[in-house]
Amino acid sequence: RAVPVEQIVTESVDRARTPAESRKIRLSVAGDLSGYVYGDHNLLVTALRNLLDNAVSYSADGSAVSVGVRRVDDFVELSVVDQGIGISSDQQERIFERFYRVDPARSRETGGTGLGLSIVKHVVADHGGEISIWSEPGQGSTFTIKIPAARAPEELDAAPVAPSAADTEEERSA
Ligand code: ATP
Ligand code: MG
217 RAVPVEQIVT ESVDRARTPA ESRKIRLSVA GDLSGYVYGD HNLLVTALRN
267 LLDNAVSYSA DGSAVSVGVR RVDDFVELSV VDQGIGISSD QQERIFERFY
317 RVDPARSRET GGTGLGLSIV KHVVADHGGE ISIWSEPGQG STFTIKIPAA
367 RAPEELDAAP VAPSAADTEE ERSA
């Protein structure tokens, strides 16, 4: 079903606000929120939420995390950009595996299980999308998910269909 991108982004960012604020991390959103994607609202919020949680967890206090949204061909691209500790290229291949954590000793403080990114990967795959990562140790990370775009429900409603009995009834009494 067609899910408004704005709803996904707003709900995910709202839920990440408390952990971010406790670390004085600024959250921002930029780009074109007007589109729709084809999929499940709750699963997509879970995916974006996991990326935001990671961005906050693996960044220093006082840094910034941003979400960028843009339409590219038949996809909507959602990027989560942080200026955190980053991930080396050899680790980048492994972080999507279940239970894999780059540095268990250090990440123990953040209290995770290492499942977040494997969930993100599955949600994205189930939506016919793609996930990609750019990262540089010490500079930060950008996780980008691409989800197939959907047409606005209004557009679909506007398609010519035979009026139902209820519609005709309403028109008559109007
Ligand atoms: P969970 O998400 O289950 O609470 P987790 O965050 O450790 O635990 P994942 O989200 O799957 O698990 O991430 C796997 C590992 O990838 C993390 O432990 C961390 O080492 C690394 N990682 C993920 N996102 C980032 C990021 N934005 N910056 C730096 N390292 C990251
Ligand atoms: Mg995580």
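With the sequence shown counted from 1, adding 216 to any position gets you UniProt numbering.
Glycine included, each C-beta is placed from N, C-alpha and C at the ideal position.
Out of V292, A232, R242, F315, which one is the CA nearest neighbour of L249? V292
Hey, would you say Y252 sits closer than 9 Å to R367, going by beta carbons? yes
Rounded to whole angstroms, what's the CA-CA distance from S228 to T262? Just pull it up for me. 8 Å
Have a look at E313 and I363 and give me their C-alpha separation to the nearest angstrom. 21 Å
Express the C-alpha separation of K337 and H343 in angstroms, rounding to a whole number. 10 Å
For L260, which option in V318, R242, S357, A218 has the closest C-alpha, if you only look at C-alpha atoms? A218
Roughly how many whole angstroms lie between the Cα atoms of Y316 and I224? 27 Å
Can you find the residues in the same chain that come closer than 8 Å, C-beta to C-beta, to Q355, ignoring five residues on each side of it along the sequence? Q299, G302
Out of curiosity, what's the CA-to-CA distance linking V272 and V221? 21 Å
With a threshold of 6 Å on Cβ separation, who are the neighbours of residue 403 within its own chain once the five nearest residues in sequence on each side are excluded? In the structure displayed, the chain extends from 217 to 390; residue 403 sits before or after that span and is not available.
What is the DSSP secondary structure of D289, counted as helix, strand or coil? coil
Nearest candidate by alpha-carbon position, reference G284, set E237, S304, T358, Q308: T358
What's the gap between the Cα of S244 and the Cα of R233? 10 Å
At what residue ranges does the segment 224-292 contain a whole run of the alpha helix (DSSP H), taking only runs of 4 or more? 257-273
Could you give the first and the last residue of the continuous alpha helix (DSSP H) run that contains I363? First-last for I363: 356-366, but that is the beta strand (DSSP E), not the alpha helix (DSSP H).
Relative to the ligand MG, is the shortest distance from any of its heavy atoms to the C-beta of L333 smaller than 8 Å? yes
Going by C-alpha to C-alpha distance, which of I361, R286, D256 sits closest to L268? I361
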